[in-house]
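> This is the structure I want to talk about, given as structure tokens.
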Amino acid sequence: MATFTASEEETNKVYDRQIRLWGADAQRRIQASRVLFLGLGPANVELCKNLVLAGFSATIADHRRVDAASLGYNFFADAESIGKSAAEASIGNVAELNPFADVKIGSTSSCTDAATAEKLVEGHGVVIVDVPCVKGSENERKLINEACRKSGAKFLAVRCSGDGAAAFLDLGAEHSFVVETGEGAKKTTSAPQKASYCSYADAVGVDWTIVKNKKMAQPPTPFLLDRLDALFADRPSSKKRSRDDDDFVVFAKRELEARSLGLDDAMLARHARVAGKCPAHIAAVVGGVLGQEVVKAVSGRGAPTNNVFAFDAATGAGTALFASPAKRA
41 MATFTASEEE TNKVYDRQIR LWGADAQRRI QASRVLFLGL GPANVELCKN LVLAGFSATI
101 ADHRRVDAAS LGYNFFADAE SIGKSAAEAS IGNVAELNPF ADVKIGSTSS CTDAATAEKL
161 VEGHGVVIVD VPCVKGSENE RKLINEACRK SGAKFLAVRC SGDGAAAFLD LGAEHSFVVE
221 TGEGAKKTTS APQKASYCSY ADAVGVDWTI VKNKKMAQPP TPFLLDRLDA LFADRPSSKK
281 RSRDDDDFVV FAKRELEARS LGLDDAMLAR HARVAGKCPA HIAAVVGGVL GQEVVKAVSG
341 RGAPTNNVFA FDAATGAGTA LFASPAKRA
């Protein structure tokens, strides 16, 4: 949809609060950046709202049909939208958030190989994947991430459910940023710093047991559930498969025990019921945190999370984690 044409003075008035918060240069970078939202799941609905309001342009790519369940988290759609694609149903209300942002529907929301992934990512500075774990989706995320690394786009992949959320960030092999401390006349800015991010494929391939902070007995529950969801979706399909292989609890216990990890049966059973069903308040928290991560990544101001964020809805705890074959810097 066409953007509203205005003078720099008029634009600065609209973004005055943000310019005061992170500076005019950071705001210019934000306004020059386009975000590709792959899937309007619970987290991406919140992220789309937050980032378009901040000044990012957006491409919405989700050709799944709106149903009654999705109306529980997608406040851009309404009952009259049922049957339409999520992107088509949402774009009008997204565009109304900010007349200075260019909002459009993506021609496709999936890829099958490196070439189609590169075409999907082309023209975007940030790509955020928020889709349910279904068979083949893990490989698709890897293809999209590799395309982002090749083009220089920032990449986020997020899973959000009633248990909480887990998000992976890849800002590239060499991301530069500065850190500001103090306020007013006492504000100081550090010399440029660098952070190196591994690929999504490398991150999900690490030993789960090392993805924890020093005081943790094991990785946070949302991280483990995210990995279990991905494995469960891609489990081998065979006519001779046992009935237990279709039971998430049995499957999860087997995978956890193989890694000397554990979650209680009640938690696993609950997750099996609520996976993919994310209450609005959880999505709002996750969207707020990750929205700030995107702003930091694009503006180059503030130390970004490297490279996993986990939010536990039961405790309200948000945890930054490191999942990489490389050693933490």
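Under the numbering used here, the first residue of the sequence shown is numbered 41, with each subsequent residue one higher.
Just so you know, even glycine gets a beta-carbon here, dropped at the ideal spot from N, CA and C.
Please read all numbers here as calculations on a predicted model, not as lab measurements.
(1) Contact between the region 131-141 and the region 156-175: three or more CB pairs below 8 angstroms?
(2) Rounded to a whole number of angstroms, what is the C-alpha to C-alpha distance between residue 362 and residue 267?
(3) State yes or no: is the C-beta of residue 158 within less than 7 angstroms of the C-beta of residue 187?
(4) Quick check: residue 289 and residue 308, are their CB atoms within less than 7 angstroms of each other?
(5) What did DSSP end up calling residue 283 once you bin it into helix, strand or coil?
(6) When DSSP builds the beta bridges, which residues end up paired with residue 234?
(7) Bridge partners for residue 210 per DSSP, in chain order?
(8) With DSSP as the reference, identify every bridge partner of residue 351, one or two as the case may be.
(9) What runs of the alpha helix (DSSP H), each 4 residues or longer, lie entirely inside the region 252-281?
(10) Give the C-beta separation of residue 241 and residue 182 to the nearest angstrom, bearing in mind that I take them to be a contact with Cβ-Cβ under 8 angstroms.
(11) Counting only the same chain and skipping the five closest in sequence on each side, list residues whose C-beta sits under 6 angstroms from that of residue 71.
(12) Among 317, 338, 343, 336, whose alpha-carbon lies nearest the alpha-carbon of residue 83?
(13) Would you grab the beta carbon distance between residue 136 and residue 327 for me? Rounded to a whole angstrom, and I think it's under 8 angstroms.
(14) Just to confirm before moving on: does the CB-CB distance between residue 81 and residue 170 stay below 7 angstroms?
(15) Please list the terminal residues of the continuous beta strand (DSSP E) segment that includes residue 101.
(16) Can you check whether the CB of residue 194 is closer than 7 angstroms to the CB of residue 218?
Result, derived from the coordinates:
(1) no
(2) 14 angstroms
(3) yes
(4) yes
(5) With a pLDDT of only 48 at residue 283, under 50, the local geometry of the prediction cannot be trusted, and no value is derived from it.
(6) 216
(7) 195
(8) 205, 358
(9) 261-273
(10) 5 angstroms
(11) 95
(12) 317
(13) No, residue 136 and residue 327 are not in contact; Cβ-Cβ is about 18 angstroms, not under 8 angstroms.
(14) yes
(15) 97-101
(16) no
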